[in-house]
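In the UniProt record's numbering, the protein residues as written are 1 to 149.
And the structure:
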């Protein structure tokens, strides 16, 4: 179940999309749970069909993750560069969701837990014709060996 204080724009603070709420915590929230950094922004579209940083530097990924706050698409922790986690450390946005077809889970880096979240702006996954690992043509033939070594 989604806590309304975790969804941007629904707390007592009246935070709007892209806003910076006053006070930092919603009424009745405790710890990091109700902080502005934890908020989910369902209306923000994803940044693109693949990992932003891998696309820029010629890298590849195993699976993709979407920042639930700003839409940044990064590669998972099984990928060589772990850009989704790096985005969390740089941005402070701790909630991600899968960007894989058929998956709809959310994950909170601060608690290490998964949960059911709200429906996000489409698309909710990378294109179905894009393989995982991906992108097509950039994944080394020995990718499994590279990950286990």
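Note that beta-carbon positions come from the ideal geometry of N, C-alpha and C, so glycine has one too.
- Looking only at 89, 47, 115 and 59, the smallest Cα-Cα distance to residue 97 is reached by 115.
- Using a Cβ distance threshold of 8 Å, residue 81 and residue 147 do not count as a contacting pair.
- Just so you know, the alpha carbons of residue 104 and residue 117 end up roughly 8 Å apart.
- Cβ neighbours of residue 121 within its own chain (closer than 8 Å, five residues either side excluded): 42, 43, 44, 45, 46 and 71.
- For residue 75, the secondary structure class from DSSP, reduced to helix, strand or coil, is strand.
- The three-state secondary structure of residue 108, taken from DSSP, is strand.
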